[in-house]
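Adding 4 to a residue's 1-based position in the sequence shown gives its number in the numbering used here. The C-beta atom is built at its ideal place from N, Cα and C for all residues, glycine as well. Everything below concerns the one structure shown next.
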Amino acid sequence: MRVSLQWLRELVSVEPGWLEPETLAERLSIAGFEVEAIEDLAARADGVVVGFVQERKAHPNADKLSVCTVAVGQAEPLQIVCGAPNVRMGQHVPVALVGSTLPAVGLTIKPAELRGVASSGMICSLKELGLDDGSNGIAELDTLLEAVPPLGTPVGPSLGLDDQVLELAITANRPDGLSMRGIAREVAALSGGSTRFAEAAPAVPAHPLEAAAADRVAMEAGGLFSLTALSNLEVAPSPRWLCQRLERAGVRPINNVVDITNLVMLETGQPLHAFDRDRLAALVDGAAGPERIGLRQGRPGESFLALDGQERALSEEALVVTCADHPIALAGVMGGLAEAVTETTTSIWLEAAVFAPQAVRRSARRLGLRTEASSRFEKGVPRDITLAAADRAVQLLQELAGARVEGRWLHRKASEPVTALFLRRDALHNLLGPVLLEGVEQDLEDGRISATLEALGCQLSPEDDGWRVVVPPERAMDLQREVDVIEEVARLVGYDHFASHLPDPLEPGGLEPAQQLERRLRRALCAAGLQEICALSLVAAAPGRVPLANPLLADYGHLRDNLHEELLQAARRNLQASQPGFWGFEIGQVFPGGAADSADSHAERTLLVGVIAGERGSERWRNSGKPSPPDYFQARGVLQAGLEPLRLAVEDRPWADSSLLHPGRAAQLLVEGRAVGWFGQLHPAMAEPLDLPSATYVFQLALEPLLTAGTRRNRWQPSFRPYPTVPASERDLALVVPVDTSASALLAAIRKAGKPLLEEAQLIDRYEGAQLAAGRCSQAFRLRYRDSVRTLTDEEVEAAHQRVREALERQFGAEQRR
Numbered sequence: 005m006r007v008s009l010q011w012l013r014e015l016v017s018v019e020p021g022w023l024e025p026e027t028l029a030e031r032l033s034i035a036g037f038e039v040e041a042i043e044d045l046a047a048r049a050d051g052v053v054v055g056f057v058q059e060r061k062a063h064p065n066a067d068k069l070s071v072c073t074v075a076v077g078q079a080e081p082l083q084i085v086c087g088a089p090n091v092r093m094g095q096h097v098p099v100a101l102v103g104s105t106l107p108a109v110g111l112t113i114k115p116a117e118l119r120g121v122a123s124s125g126m127i128c129s130l131k132e133l134g135l136d137d138g139s140n141g142i143a144e145l146d147t148l149l150e151a152v153p154p155l156g157t158p159v160g161p162s163l164g165l166d167d168q169v170l171e172l173a174i175t176a177n178r179p180d181g182l183s184m185r186g187i188a189r190e191v192a193a194l195s196g197g198s199t200r201f202a203e204a205a206p207a208v209p210a211h212p213l214e215a216a217a218a219d220r221v222a223m224e225a226g227g228l229f230s231l232t233a234l235s236n237l238e239v240a241p242s243p244r245w246l247c248q249r250l251e252r253a254g255v256r257p258i259n260n261v262v263d264i265t266n267l268v269m270l271e272t273g274q275p276l277h278a279f280d281r282d283r284l285a286a287l288v289d290g291a292a293g294p295e296r297i298g299l300r301q302g303r304p305g306e307s308f309l310a311l312d313g314q315e316r317a318l319s320e321e322a323l324v325v326t327c328a329d330h331p332i333a334l335a336g337v338m339g340g341l342a343e344a345v346t347e348t349t350t351s352i353w354l355e356a357a358v359f360a361p362q363a364v365r366r367s368a369r370r371l372g373l374r375t376e377a378s379s380r381f382e383k384g385v386p387r388d389i390t391l392a393a394a395d396r397a398v399q400l401l402q403e404l405a406g407a408r409v410e411g412r413w414l415h416r417k418a419s420e421p422v423t424a425l426f427l428r429r430d431a432l433h434n435l436l437g438p439v440l441l442e443g444v445e446q447d448l449e450d451g452r453i454s455a456t457l458e459a460l461g462c463q464l465s466p467e468d469d470g471w472r473v474v475v476p477p478e479r480a481m482d483l484q485r486e487v488d489v490i491e492e493v494a495r496l497v498g499y500d501h502f503a504s505h506l507p508d509p510l511e512p513g514g515l516e517p518a519q520q521l522e523r524r525l526r527r528a529l530c531a532a533g534l535q536e537i538c539a540l541s542l543v544a545a546a547p548g549r550v551p552l553a554n555p556l557l558a559d560y561g562h563l564r565d566n567l568h569e570e571l572l573q574a575a576r577r578n579l580q581a582s583q584p585g586f587w588g589f590e591i592g593q594v595f596p597g598g599a600a601d602s603a604d605s606h607a608e609r610t611l612l613v614g615v616i617a618g619e620r621g622s623e624r625w626r627n628s629g630k631p632s633p634p635d636y637f638q639a640r641g642v643l644q645a646g647l648e649p650l651r652l653a654v655e656d657r658p659w660a661d662s663s664l665l666h667p668g669r670a671a672q673l674l675v676e677g678r679a680v681g682w683f684g685q686l687h688p689a690m691a692e693p694l695d696l697p698s699a700t701y702v703f704q705l706a707l708e709p710l711l712t713a714g715t716r717r718n719r720w721q722p723s724f725r726p727y728p729t730v731p732a733s734e735r736d737l738a739l740v741v742p743v744d745t746s747a748s749a750l751l752a753a754i755r756k757a758g759k760p761l762l763e764e765a766q767l768i769d770r771y772e773g774a775q776l777a778a779g780r781c782s783q784a785f786r787l788r789y790r791d792s793v794r795t796l797t798d799e800e801v802e803a804a805h806q807r808v809r810e811a812l813e814r815q816f817g818a819e820q821r822r
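Here you go:
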């Protein structure tokens with residue numbers, strides 16, 4: 005947003021010195037409107053004065069050059085060689101003296117000799133002064149100015165080059181900053197001054213706009229759509245003051261009708277658009293009455309010729325204004341060329357509307373267009389200012405173009421009741437703290453609070469313990485909670501005016517136990533050989549995924565519902581790049597889609613997911629250079645090493661309920677008896693399309709239950725156990741059991757039956773083969789017995805061992821292998 009200080013001085017009354025460019029830029033930046041640049045327009049014409057062409061002769065050595073004698077108020081006139089075709093004797097022209105610089109074209113004027121003729125100075129065009137009027141000739145001051153200043157006078161003030169322009173960066177939550185009135189209110193609130201806006205223009209009476217049902221649906225989304233019929237227009241160049249205001253804002257003047265709509269947009273923040281009624285009627289072969297103008301989504305294959313002369317293909321994402329179902333404008337973005345106002349226009353439809361920000365954003369992005377209008381509609385335009393802006397434009401059209409009002413047709417959605425915020429005095433003081441006045445800390449005065457908010461346009465009603473605040477329409481999107489209003493007070497009073505104080509009591513911070521455990525888990529997984537990666541949480545569309553309301557790109561328009569897909573793709577890319585393997589993991593959020601009315605709809609979960617594909621890069625030295633990818637148990641051991649910091653017993657249970665994993669090589673992982681995830685070999689049907697090796701293993705665990713179990717009370721408190729001072733006795737136990745019997749179930753039974761003498765039990769062998777009956781397998785365990793105070797006898801060990809055999813025989817039908 006480019007802000008002219010001259011225009012701003014007309015809209016706000018402040019103390020002297022407050023509107024100095026550097027002072028204002030500093031205060032606006034502190035308040036949240038970052039000033040990116042300050043442009044001094046006077047620098048464009050520094051050293052350029054009014055001159056008079058006394059004589060013009062043809063150049064002796066060049067057909068297209070002229071030798072001019074120019075008086076500039078000095079004792080002797082200057083001889084200047086000029087190449088402009090429109091230079092002639094008797095003109096008043098801008099002359100750049102020797103030594104001056106023209107920043108618009110990056111030129112410093114020096115004495116020169118052109119084709120053998122000396123030249124001292126340069127006769128300037130408007131383009132060379134940064135005021136491009138589209139012509140190639142020099143500026144003729146006699147036609148540009150009502151009264152030409154005396155010779156030698158600086159030409160800048162006469163051409164409007166006596167202003168300073170601030171370039172502001174406007175954030176998405178401050179659409180009011182895209183209007184001069186919004187900036188004026190901000191400056192008044194910051195400085196303690198007051199605004200002085202022009203009186204409201206007379207309101208034009210409105211008739212209901214009878215739109216088709218389909219059009220009414222689109223109109224309801226924005227909330228307001230109005231058309232004002234004006235006739236008897238005389239399209240002509242705009243007056244100089246209007247052109248200057250547009251040029252300083254970075255808008256190119258076109259004609260008085262279009263320029264007025266742009267001026268009102270800059271002043272109020274409400275974009276407007278004018279359609280040539282006669283051209284519309286010719287376009288649709290008949291009268292273009294208000295009932296024929298509507299609003300709908302574009303259709304595939306439909307084309308639209310925009311004001312910039314480019315024909316664009318529309319889609320269902322484009323919102324278009326139509327006349328007899330024919331697209332005449334991209335709603336909120338750009339009008340059409342075939343309906344534009346021209347020099348022959350005599351009657352117009354003046355459109356003033358509010359369009360849904362999401363619809364305008366989708367249209368602009370889909371078609372690659374970014375305009376002054378779309379930037380405002382995308383941030384949000386309040387409905388309350390729309391008709392007032394249209395009335396202001398009608399008033400100017402009557403004054404500058406001789407327009408006559410024929411009527412207004414309006415569709416307006418029922419207005420929502422105005423809600424007032426309650427601002428508590430104690431909440432404000434507790435959140436902001438005291439201010440420093442002459443080194444003394446004290447609470448902000450009520451008068452300062454109310455004056456600050458009223459300067460923003462808020463209406464305040466004092467109550468016993470605070471104020472009832474009605475927010476102005478321009479700030480309704482930003483100020484929706486009590487804390488938002490408190491933030492405005494702090495921002496406008498100035499954060500630097502509040503005393504610095506620390507929390508009381510002051511307590512040291514630190515990581516919570518769950519955060520500490522998560523960090524240890526990440527380090528342990530890395531130590532186990534896995535590399536942590538971080539993938540985007542935005543992915544392409546797929547059934548069940550949650551879509552974004554406003555995606556930047558179609559391929560990244562949905563929230564991910566799993567982590568393993570991107571890890572598998574990363575493994576594929578690594579292996580295709582001639583890497584021997586990929587061992588990686590990610591801890592991240594997923595967003596599984598759910599029914600809209602379910603309790604877990606769009607619930608967020610944190611998962612630990614990893615992929616082990618191929619071999620580690622430094623393993624081949626142990627195998628004479630031969631590939632040695634890990635088998636199932638080695639890969640499961642890698643995961644177990646990574647989970648070591650949790651100090652949890654993780655139980656594996658056979659699992660075949662997954663299309664991602666090999667049905668016979670997958671396990672459900674249980675912690676404290678509850679399923680927390682799974683581990684297994686990637687299914688061949690999944691590995692083959694990705695060109696991944698068959699020895700690819702994937703695991704997934706829910707992080708929250710792991711951290712909850714790993715941070716239970718006393719789990720991390722070390723306990724002392726003395727080293728044993730008596731010898732242990734070991735026994736091996738080989739059992740023949742059904743093939744579907746898990747080792748974990750056998751170990752649990754062994755540990756329970758062997759108490760209190762059993763110290764440790766481990767699985768040491770598992771065998772299936774011809775020596776055993778069908779459906780049977782052999783599992784061998786090594787058991788260690790020990791008493792803490794004395795050496796056990798063989799009879800005591802054998803008795804405990806016998807209890808273990810009997811328990812296994814009773815529970816699992818186990819037979820001791822001979």
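Quick check on DSSP: helix, strand or coil for residue i?
| i | result |
| --- | --- |
| F381 | helix |
| I264 | helix |
| D388 | helix |
| T350 | coil |
| D508 | coil |
| Y636 | helix |
| R4 | Residue 4 is absent from the structure shown; the chain starts at 5 and stops at 822. |
| A600 | Below a pLDDT of 50, predicted positions are generally treated as unreliable, and A600, at 46, falls in that range; no measurement from the model is reported. |
| G160 | coil |
| T375 | coil |
| C462 | coil |
| Y727 | coil |
| L23 | coil |
| L441 | strand |
| S367 | helix |
Report the CB separation of residue i from residue j in whole angstroms; it is logged as a contact under 8 Å.
| i | j | result |
| --- | --- | --- |
| S235 | N259 | Between N259 and S235 the Cβ distance is about 17 Å, and since that is not below 8 Å, they are no contact. |
| V54 | G134 | Contact flag wrong, Cβ pair sits at about 18 Å. |
| Q783 | L750 | 6 Å |
| G125 | L101 | 6 Å |
| T346 | D280 | 7 Å |
| G273 | L391 | About 14 Å; that fails the 8 Å criterion. |
Please list, in chain order, all residues of the same chain as residue i whose beta carbon is under 8 Å from its beta carbon, the five residues on each side excluded.
| i | result |
| --- | --- |
| A574 | I537, A539, F586, G588 and V615 |
| L311 | M338, G339, G340, L341 and A344 |
| H824 | Nothing in the structure corresponds to residue 824, since the chain is present only between 5 and 822. |
Once the 5 residues before and after residue i are set aside, which same chain residues still bring their CB inside 7 Å of it?
| i | result |
| --- | --- |
| P477 | P386, D388 and I389 |
| L15 | M184, R185, A188, T199, R200 and F201 |
| F426 | G470, R472 and E486 |
| C781 | V741, V743, R770, Y771 and E772 |
In the DSSP output, what is residue i paired with across the bridge?
| i | result |
| --- | --- |
| K61 | V71 |
| M126 | A100 |
| T112 | T105 |
| I42 | L170 |
| R6 | E171 |
| T232 | L354 and R412 |
| D280 | I352 |
Please go through the same chain and pick out, in chain order, the residues whose beta-carbon is closer than 6 Å to the beta-carbon of residue i, but skip the five residues on each side of it.
| i | result |
| --- | --- |
| E321 | R366 and R370 |
| A732 | R788 and R790 |
| A459 | A192 and A193 |
Examine the Cβ distances between the stretch 62-80 and the stretch 113-122 and report whether three or more of them are shorter than 8 Å. Taking a contact to require three or more Cβ pairs closer than 8 Å, the stretch 62-80 and the stretch 113-122 qualify as touching.
Three Cβ pairs or more, each shorter than 8 Å: is that satisfied between the stretch 41-55 and the stretch 149-165? The stretch 41-55 vs the stretch 149-165: in contact.
Does the stretch 226-234 come close enough to the stretch 410-426 that 3 or more CB-CB pairs lie under 8 Å? The stretch 410-426 vs the stretch 226-234: in contact.
For the structure I just gave you, are there three or more beta carbon pairs, one from the stretch 723-730 and one from the stretch 656-664, closer than 8 Å? Below 8 Å, too few C-beta pairs join the stretch 723-730 and the stretch 656-664 to call them touching: fewer than three.
Determine contact between the stretch 791-800 and the stretch 737-756, defined as no fewer than three beta-carbon pairs at a distance below 8 Å. Too few Cβ pairs lie closer than 8 Å, so no.
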